[in-house]
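Engineer: My questions all concern the structure below.
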Amino acid sequence: MNRHDLTDAEWERLEPLLPANPRQGGRWADHRTVINGVFFRVRTNITWRDLPLCYGNWKTVYNRHRRWPMDGTWEKILDGLRAGCDEAEGEDWTVSMDSTVVRAHQHAASPPPAGGRFPVKGDGVDHKPAKGREALGRSRGGLSTKVHLAADRRCRPIARIISPGQHGDSPYFRRVLEGVRIQRRRLGRPRKRPGRVPADKACSSRANRAYLRRRGIKAVIPIKKDQQANRLKRGSKGGRPTGFDAERYKERNTAEQCINKMKGYRAVALRTDKRERIYQGTVDVASIRIWLRDPV
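Residue numbering for the sequence shown follows the numbering used here, beginning at 25 and increasing consecutively.
Given below as structure tokens:
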């Protein structure tokens, strides 16, 4: 047994969340063997063809990993593992926000252009790639991707958004929070609103604070110096000064620790997947592994 493989206790938690065999048609290859192969590849970031033979045909493992991000299976498994994770904290449930830039390997840096075809001279079709396509962006460090992440107090991922590497944090703040969805262990609607949200200055904007205020969420975000100066310059029209709890802000390091856990998986730390959806599935697989090792 490889040290990256599922233990019996982890398999007992994961097995009820996996899709069952269809009533008609072909049958799934053994889930445990194939998922162990996916975990091994995400941890080591080897090429699919180099998977050890103990995990079966590499094509079967790859096809499973390619299919499940497309139909949302990885996300459904994550929803099941996260169910009820907010109950211990109650109304004081805290979700921290942060982001990290991931370098894109040369294998991920050349996806087919828009339309699915490479340019052919004289075909009369504009094959110029759209900006930000496949969540790849170019900055001074080269091609990269950014992972925007929300984590709970136990450094476990709650929600994620993938964007081109040169994009800022503030425009994705609202989208990440809208991705928070914690199922109930019993009957009831999923919980979508944490009690408070610590985030760094990059997320400090009037629109983000207004969004949190409308939803009844306490903002723990330091204000930028230029924003504070502009408010003072406007006098009474600048509005009230924003509140800031420095003690609560110390909890934001849980998001940074969660990012460190995620980047312990080499396929997350160095993107080799061409397609955005496939890389999202890689991030979700790493998240599943974190939740299996630190259950609710």
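Yeah, the Cβ is synthetic: ideal placement off N, Cα and C, and Gly gets one too.
Since the model is a prediction, treat every value here as computed from it, not as a measurement.
Under a Cβ-count criterion, where at least 16 other Cβ atoms within 10 Å of its own Cβ denotes burial, should Pro222 be classed as buried or exposed?
Structural biologist: For this step, residue 222 is matched to residue 198 along the sequence shown. Classification for Pro222: buried.
Engineer: Taking Tyr273 as the reference, give the member of Thr118, Gly189, Thr84 with the closest Cα.
Structural biologist: Taking the sequence shown and counting its residues from 1, one reaches residue 273 at position 249. Among Thr118, Gly189, Thr84, the Cα nearest to that of Tyr273 belongs to Thr118.
Engineer: Expressed to the nearest angstrom, what Euclidean distance is found between the alpha-carbon atoms of Asp250 and Lys257?
Structural biologist: Looking up residue 250 in the sequence shown gives position 226. Looking up residue 257 in the sequence shown gives position 233. In a straight line, the C-alpha of Asp250 is about 10 angstroms away from that of Lys257.
Engineer: Is it buried or exposed, His89, if we count other Cβ atoms within 10 angstroms and call 16 or more buried?
Structural biologist: Position 65 of the sequence shown, counted from the start, is the residue given in the question as residue 89. It is buried - the Cβ of His89 has at least 16 other Cβ atoms within 10 Å.
Engineer: Jot down the residue ranges of each uninterrupted alpha helix (DSSP H) in the segment 242-318, minimum 4 residues, whole runs only, in chain order.
Structural biologist: Listed in chain order, they are 249-257, 270-273, 277-286, 290-293, 300-317.
Engineer: Hey, could you find the ends of the alpha helix (DSSP H) Pro195 is sitting in?
Structural biologist: What you label residue 195 is simply residue 171 of the sequence shown in a count that begins at 1. Element bounds for Pro195: 194-202.
Engineer: Hey, how far is the Cα of Asp224 from the Cα of Arg255?
Structural biologist: In the sequence shown, the residue the question calls residue 224 occupies position 200. In the sequence shown, the residue the question calls residue 255 occupies position 231. Taking the straight line joining both Cα atoms gives about 19 angstroms.
Engineer: DSSP state of Val126, grouped into three classes?
Structural biologist: One-based indexing of the sequence shown puts residue 126 at position 102. Val126: strand per DSSP, three-state reduction.
Engineer: From the DSSP output, which residues share a beta bridge with Lys100?
Structural biologist: Numbered from 1 along the sequence shown, position 76 holds the residue referred to as residue 100. Lys100 is not bridged to any residue.
Engineer: When burial is assigned at 16 or more other CB atoms within 10 Å of the CB, is Lys261 buried or exposed?
Structural biologist: Position 237 of the sequence shown, counting from 1, holds the residue named residue 261. Answer is exposed; the Cβ neighbour count stays below 16.
Engineer: Quick check: the Cα distance between Val204 and Gly189, rounded to an integer number of angstroms?
Structural biologist: As a first step, residue 204 must be located in the sequence shown, where it is residue number 180. As a first step, residue 189 must be located in the sequence shown, where it is residue number 165. Roughly 22 angstroms separates the two Cα atoms.
Engineer: On a CA-only basis, which of Val171, Arg276, Ala253, Thr278 is nearest Gly305? Give me that one, please.
Structural biologist: Reading the sequence shown from its first residue, position 281 is the one you call residue 305. With distances taken between Cα atoms, Gly305 lies closest to Val171.
Engineer: Do you know whose CA, among Arg73, Arg184, Leu211, lies nearest Glu323's CA?
Structural biologist: Nothing can be reported for residue 323: it is not among the residues displayed for the chain, which extend from 25 to 320.
Engineer: When you compare the CB positions of Gln252 and Arg106, do they come within less than 9 angstroms of one another, or not?
Structural biologist: What you label residue 252 is simply residue 228 of the sequence shown in a count that begins at 1. What you label residue 106 is simply residue 82 of the sequence shown in a count that begins at 1. No, the Cβ-Cβ distance between Gln252 and Arg106 is not below 9 angstroms.
Engineer: Please classify His191 as buried or exposed, where buried requires at least 16 neighbouring CB atoms within 10 angstroms.
Structural biologist: Position 167 of the sequence shown, counted from the start, is the residue given in the question as residue 191. It is buried - the Cβ of His191 has at least 16 other Cβ atoms within 10 Å.
Engineer: Which residues does DSSP list as the beta-bridge partners of Ser120?
Structural biologist: Mapped onto the sequence shown, residue 120 falls at position 96. According to DSSP, Ser120 bridges with Ala175.
Engineer: Considering only the beta carbon of each residue, do Val126 and Ala310 sit closer than 9 angstroms?
Structural biologist: Your numbering for residue 126 matches position 102 in the sequence shown. Your numbering for residue 310 matches position 286 in the sequence shown. No, these two residues do not count as a Cβ contact at 9 angstroms.
Engineer: Give me the DSSP bridge partner(s) of Ala183.
Structural biologist: Taking the sequence shown and counting its residues from 1, one reaches residue 183 at position 159. Paired residues: Ala174.
Engineer: What residue from Leu42, Asp29, Pro93 has the CA that sits closest to Cys78's CA?
Structural biologist: Within the sequence shown, numbered from 1, the residue matching residue 78 stands at position 54. Cys78 has its Cα closest to that of Asp29, out of Leu42, Asp29, Pro93.
Engineer: Where does Leu77 sit, in a helix, a strand or coil, going by DSSP?
Structural biologist: Stepping through the sequence shown from its first residue, residue 77 is reached at position 53. Reduced to three states, the DSSP call for Leu77 is helix.
Engineer: With a 10 Å radius around its C-beta and 16 neighbouring C-beta atoms as the bar for buried, classify Phe268 as buried or exposed.
Structural biologist: Along the sequence shown, one-based indexing puts residue 268 at 244. That one is exposed.
Engineer: Per DSSP, what are the beta-bridge partners of Arg162 in this structure?
Structural biologist: Residue numbering aside, residue 162 sits at position 138 when the sequence shown is read from its first letter. Answer is Leu167.
Engineer: Ala49 to Arg209, Cα distance in whole Å?
Structural biologist: By 1-based counting over the sequence shown, the position of residue 49 is 25. By 1-based counting over the sequence shown, the position of residue 209 is 185. Note that residue 49 is Gly in the sequence shown, not Ala. Computed Cα separation, rounded: 33 angstroms.
Engineer: Whose C-beta lies closer than 8 angstroms to the C-beta of Leu75 among residues of the same chain, with five residues either side of it excluded?
Structural biologist: Here residue 75 corresponds to residue number 51 of the sequence shown, with the count starting at 1. These residues qualify, in order along the chain: Gly61, Phe64, Arg65, Trp82, Val85.
Engineer: When you compare only the Cα positions, how much space is there between Trp35 and Asp318?
Structural biologist: Looking up residue 35 in the sequence shown gives position 11. Looking up residue 318 in the sequence shown gives position 294. When rounded, the distance between both Cα atoms is 14 angstroms.
Engineer: How big is the Cα-Cα spacing for Pro195 and Asn232?
Structural biologist: The count along the sequence shown starts at 1 and reaches residue 195 at position 171. The count along the sequence shown starts at 1 and reaches residue 232 at position 208. Their backbone Cα atoms lie some 9 angstroms apart in a straight line.
Engineer: Do Glu99 and Asp308 have their CB atoms nearer than 9 angstroms?
Structural biologist: Sequence index remark: in the sequence shown, residue 99 carries index 75 (1-based). Sequence index remark: in the sequence shown, residue 308 carries index 284 (1-based). In this structure, Asp308 lies closer than 9 angstroms to Glu99 by Cβ.
Engineer: For Asp110 versus Asp176, is the C-beta spacing smaller than 9 angstroms?
Structural biologist: The residue you call residue 110 lines up with position 86 of the sequence shown. The residue you call residue 176 lines up with position 152 of the sequence shown. Closer than 9 angstroms, so yes.
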